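Structure, as structure tokens:
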């Protein structure tokens with residue numbers, strides 16, 4: 001698990017990727033003229049690009065949800081093999097990801113970055129198995145419990161996302177973050193609360209699925225940000241989808257029955273285009289949705305992605321109430337308000353965090369702890385004034401006075417609490433020495 005344990009080398013916050021350059025898919029270091037842009041300009045560009053990926057994710061996700069409702073519900077097409085169908089969608093995703101990598105050589109992993117079978121089975125394999133099991137156990141639980149009860153229990157995945165983000169050091173534990181996630185989880189449970197019969201086996205299945213969901217999203221972030229072979233969404237899909245396909249088939253055989261699937265009358269009664277609709281079209285939509293989702297995860301982090309997903313559920317519930325006349329109780333409406341408030345608070349903290357990261361990068365030229373350590377060492381040894389540490393690009397530093405907002409005594413209290421150092425260590429960024 002070296003890629004998981006190597007926290008010192010490559011934990012990058014969203015800004016390190018977001019302000020890389022004008023190309024939103026690039027991971028190259030930011031040029032100096034970009035680093036020295038105003039904090040608000042960089043932040044607005046970051047939010048705008050992230051919003052595009054969020055809208056794409058929402059659009060493809062909604063399309064896939066509507067398609068699945070038509071395909072698997074009894075009143076419509078009534079296809080009774082969702083696990084087998086989803087495994088075929090993974091085949092489609094693998095082929096499409098391979099085509100993208102074939103047509104766009106710059107997205108292919110470098111020869112020296114290609115992973116060994118051991119790394120593939122350990123890192124990619126565990127992520128793919130967790131993803132497939134999440135989908136499979138979630139679908140299996142619906143045999144025993146209602147959709148409303150399923151949604152209530154599955155909303156606990158926010159807690160598991162946060163837990164695994166702490167375990168893998170993708171997030172720093174803070175009282176603020178833990179409190180917001182706790183309030184949001186309560187809000188989501190209230191939002192979807194309904195009178196449902198409790199069935200233990202269904203509850204256990206969906207709870208395991210929720211835990212696996214938190215686990216697999218943390219692993220996916222690690223693959224995207226710490227492994228060169230899976231450093232972009234298309235290579236990640238290319239490596240992950242085959243494992244997910246095998247996992248889903250392994251679950252589908254005992255649950256749905258291989259004989260029942262192969263002998264289904266649909267293969268004899270329907271034309272070739274029906275097969276296409278079942279096996280290929282949703283795979284294309286799922287590929288586009290997953291690519292948008294992974295791009296968003298690459299640019300942000302696993303907790304942010306989960307909260308964006310919760311907001312999507314809020315929009316879906318509100319739309320259903322307005323369009324289809326779904327009734328919301330007082331508890332549901334209260335949960336909706338609580339969830340929206342928690343999401344707003346999280347976004348406020350995240351934007352503040354992003355601003356601090358941009359300021360840090362403007363001072364040091366990097367968001368890494370190593371960069372701060374080097375500058376701190378130079379200042380302490382007397383080779384560089386504490387008030388003259390602006391980078392000019394590469395490894396060079398221009399000796400000039402910091403802007404007033406950075407150089408005045410006590411003005412960096414917000415930055416001090418943000419930098420990954422104890423307060424006494426981050427105090428090395430000071431104003432000019434007194435006369």
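In full-length UniProt numbering, the protein residues as written are 1 to 435. The beta-carbon is built from N, C-alpha and C at its ideal position, and this holds for glycine as well. What you are looking at is a predicted structure, and each value in this text was computed from that prediction instead of being measured.
Legend entry - Three-state secondary structure (DSSP) of residue 264: Here residue 264 is taken as the residue at index 264 of the chain shown, counted from 1. It is coil, neither helix nor strand.
Inset, instruction - Go ahead and label residue 74 buried or exposed: buried means 16 or more other beta carbons lie within 10 angstroms of its beta carbon, across all protein chains shown. - result: Within the chain shown, the letter at position 74 stands for residue 74. Residue 74 is exposed by the Cβ-count criterion.
Inset, instruction - Please determine, among 343, 355, 279, the residue with the shortest C-alpha to C-alpha distance to residue 176. - result: To locate residue 176, count along the chain shown from 1; it is residue 176. Among 343, 355, 279, the Cα nearest to that of residue 176 is on 343.
Legend entry - Spatially closest choice to residue 79 from 262, 44, 49, by CA coordinates: Taking the chain shown and counting its residues from 1, the one referred to as residue 79 is at position 79. When only C-alpha atoms are compared, the closest one is 262.
Inset, instruction - Look up residue 300 in the DSSP assignment and say whether it is helix, strand or coil. - result: As a working note, residue 300 is residue 300 in the chain shown. The answer is coil: DSSP assigns residue 300 none of H, G, I, E or B.
Inset, instruction - Using beta-carbon positions only, say whether residue 335 and residue 190 come within less than 8 Å of one another. - result: Taking the chain shown and counting its residues from 1, one reaches residue 335 at position 335. Taking the chain shown and counting its residues from 1, one reaches residue 190 at position 190. The answer is yes: Cβ separation under 8 Å.
Inset, instruction - For residue 119, I'd like the list of residues in its chain whose CB is within less than 6 Å of its CB, leaving aside the five on either flank, ordered along the chain. - result: On the chain shown, position 119 is the one that residue 119 refers to. Closer than 6 Å at Cβ, skipping near neighbours: no residue.
Legend entry - Proximal residues to residue 101 (C-beta, below 8 Å), its chain only, five neighbours per side dropped: As a working note, residue 101 is residue 101 in the chain shown. Excluding sequence neighbours, residue 101 sits near 107, 108, 234, 235, 238.
Inset, instruction - Assess, as a yes-or-no matter, whether the stretch 248-255 is touched by the stretch 85-100 under the definition of 3 or more beta carbon pairs within less than 8 Å. - result: yes
Legend entry - Backbone CA spacing between residue 132 and residue 341 [nearest angstrom]: The count along the chain shown starts at 1 and reaches residue 132 at position 132. The count along the chain shown starts at 1 and reaches residue 341 at position 341. Residue 132 and residue 341: Cα-Cα distance of roughly 33 Å.
Inset, instruction - Give the straight-line distance between the Cα atoms of residue 307 and residue 129, rounded to the nearest whole angstrom. - result: Within the chain shown, numbered from 1, the residue matching residue 307 stands at position 307. Within the chain shown, numbered from 1, the residue matching residue 129 stands at position 129. Whole-angstrom Cα-Cα distance: 23 Å.
Inset, instruction - For residue 124, collect the residues of the same chain with a Cβ closer than 8 Å to its Cβ; drop the 5 residues on either side in sequence, then sort them by chain order. - result: Translated into the one-based positions of the chain shown, residue 124 becomes position 124. So the qualifying residues of the chain are 115, 223, 230, 239, 240, 243.
Inset, instruction - Could you round the C-beta distance between residue 141 and residue 214 to whole angstroms and report it? I think they count as a contact, below 8 Å. - result: For the purposes of this step, residue 141 is taken as the residue at position 141 of the chain shown. For the purposes of this step, residue 214 is taken as the residue at position 214 of the chain shown. Not confirmed; about 16 Å, so no contact.
Inset, instruction - Kindly confirm or deny that the stretch 268-282 and the stretch 159-174 touch, where touching means at least three C-beta pairs closer than 8 Å. - result: no
Inset, instruction - Output the distance between the C-alpha atoms of residue 193 and residue 206, rounded to the nearest integer angstrom. - result: Walking along the chain shown from the start, residue 193 turns up at place 193. Walking along the chain shown from the start, residue 206 turns up at place 206. When rounded, the distance between both Cα atoms is 16 Å.
Inset, instruction - For residue 154, collect the residues of the same chain with a Cβ closer than 8 Å to its Cβ; drop the 5 residues on either side in sequence, then sort them by chain order. - result: Counted from its first residue, the chain shown places residue 154 at position 154. Cβ neighbours of residue 154 beyond the five flanking positions: 138, 206, 209, 210, 213.
Legend entry - Unbroken alpha helix (DSSP H) run spanning residue 186, endpoints: Here the question's residue 186 lines up with position 186 in the chain shown. Start and end: 175-191.
Inset, instruction - Could you name the residues of the same chain whose beta carbon sits closer than 6 Å to that of residue 67, not counting the 5 residues immediately before and after it, in chain order? - result: Here residue 67 corresponds to residue number 67 of the chain shown, with the count starting at 1. Here the set comprises 282.
Legend entry - Residues near residue 135 in its chain [Cβ-Cβ closer than 7 Å; skip 5 each side]: Residue mapping note: residue 135 aligns to position 135 of the chain shown, counting from 1. Result list for residue 135: 86, 248, in chain order.
Inset, instruction - Leaving aside the five residues before and after residue 216 along the sequence, list all residues of the same chain whose C-beta is less than 7 Å from its C-beta, in chain order. - result: Taking the first residue of the chain shown as 1, we reach residue 216 at position 216. Hits under 7 Å: 127, 130, 131, 134.
Inset, instruction - Might you give, ordered along the chain, the residues of its own chain that have their beta carbon closer than 8 Å to the beta carbon of residue 94, omitting 5 neighbours on each side? - result: In the chain shown, the residue the question calls residue 94 occupies position 94. Same-chain partners within the cutoff: 237, 238, 241, 242, 245.
Inset, instruction - Run the CB neighbour count on residue 299, radius 10 Å, all protein chains shown included, and call it buried at 16 or more, exposed below. - result: Numbered from its first residue, the chain shown carries residue 299 at position 299. Residue 299 should be labelled buried.
Inset, instruction - Apply the 10 Å Cβ neighbour rule to residue 357 and answer buried if 16 or more other Cβ atoms are within range, or exposed otherwise. - result: What you label residue 357 is simply residue 357 of the chain shown in a count that begins at 1. Buried: at least 16 other Cβ atoms inside 10 Å.
Inset, instruction - Give the DSSP-derived three-state secondary structure of residue 156 in the structure shown. - result: Mapped onto the chain shown, residue 156 falls at position 156. Residue 156 falls in the coil class under three-state DSSP.
Legend entry - Secondary structure of residue 168, DSSP reduced to three states: The residue given as residue 168 occupies position 168 in the chain shown. If DSSP states are grouped into helix, strand and coil, residue 168 belongs with coil.
Inset, instruction - Would you kindly check if the distance between the Cβ of residue 302 and the Cβ of residue 113 is under 8 Å? - result: For the purposes of this step, residue 113 is taken as residue 113 along the chain shown, with counting starting at 1. For the purposes of this step, residue 302 is taken as residue 302 along the chain shown, with counting starting at 1. No.
Inset, instruction - Could you have a look at residue 208 and say whether DSSP puts it in helix, strand or coil? - result: Taking the chain shown and counting its residues from 1, one reaches residue 208 at position 208. Of the three classes helix, strand and coil, the one that applies to residue 208 here is helix, per DSSP.
Legend entry - Beta-carbon proximity of residue 53 to residue 256, cut-off 8 Å: Here residue 53 is taken as the residue at index 53 of the chain shown, counted from 1. Here residue 256 is taken as the residue at index 256 of the chain shown, counted from 1. For residue 53 and residue 256, no; Cβs fall outside 8 Å.
Legend entry - Cβ-Cβ distance between residue 56 and residue 292 below 8 Å: Your numbering for residue 56 matches position 56 in the chain shown. Your numbering for residue 292 matches position 292 in the chain shown. Yes.
Legend entry - Through-space distance from residue 110 to residue 103, alpha-carbon basis: Translated into positions along the chain shown, residue 103 becomes position 103. Translated into positions along the chain shown, residue 110 becomes position 110. Cα to Cα, the separation comes out at about 15 Å.
Legend entry - Between the CA atoms of residue 41 and residue 171 - distance to the nearest angstrom: Within the chain shown, the letter at position 171 stands for residue 171. Within the chain shown, the letter at position 41 stands for residue 41. Roughly 25 Å between the two C-alpha positions.
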